[in-house]
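Residue numbers for the sequence shown follow my numbering, beginning at 4 and rising by one.
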Amino acid sequence: MTLMINQLNKDFSYTSQIAVDDIAEIVSLGFKTIINNRPDHEGGAEQPKSEALEAVALSHGVTYVHIPVIPNKIQPHQLETFREAYAKAPKPILGFCKTGNRASTMCKLALENHG
C-alpha cells in the first residue's frame, strides 16, 4: 500500500491508520519517529494494536510514541505530552490516526504559541 502522506511543516507529516507492513515504507521515506494518536480497539479487530506497531517500528530503529486521543476530545495533558515528544523526537515525524485529522490537529494545537 502506498501511504497518502500530508506535510504540515518541515518536521511533521501525517497520514491515516498505518499497518505493520507500512513501517518499512515509512522508514524508506526517511521518517525517524512515528506518533500514534489512535486509541487501541477504536477501529475494531482490523486495527493493529499499538504494541505491534511499536515493536516493528523499534526493530527498524524508529522512535514510536503512543498518545491516544478520543476524536474531538483532545485534552491539555495530551497536548503537553505531544509537545514534549515533538521536542525530543528524532525528525522528521509521521503522525497518524484513523483519518489523519487528529494527528494534524494535535500538532497544530501543541505548537501554537510554542512552535
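For glycine and all other residues, C-beta sits at the position ideal for the given N, C-alpha and C.
Test item: CB-CB of residue i and residue j under 8 Å
i: Ile26; j: Leu6; result: no
i: Asn39; j: Ser16; result: no
i: Ile73; j: Pro51; result: no
7 Å Cβ shell around residue i - same chain, five flanking residues per side excluded
i: Ala60; result: Ile26, Ile37, Tyr67
Own chain partners of residue i with C-beta closer than 6 Å, once the 5 adjacent residues on each side are dropped
i: Leu112; result: Leu82
i: Phe34; result: Pro95, Leu97
Residue(s) in a DSSP beta bridge with residue i
i: Val68; result: Ile38
i: Gln50; result: Paired residue(s): none; Gln50 is not in a bridge.
i: Ser16; result: Gln10, Leu97
Nearest to residue i (by Cα), restricted to the options the options
i: Ile70; options: Gln10, Val30, Thr108, Asn12; result: Thr108
i: Ala106; options: Lys13, Ser19, Asn12; result: Ser19
i: Gly47; options: Glu115, Lys101, Leu114; result: Lys101
Same chain, Cβ closer than 8 Å to residue i, neighbours up to 5 away in sequence not counted
i: Val30; result: His63, Gly64, Val65
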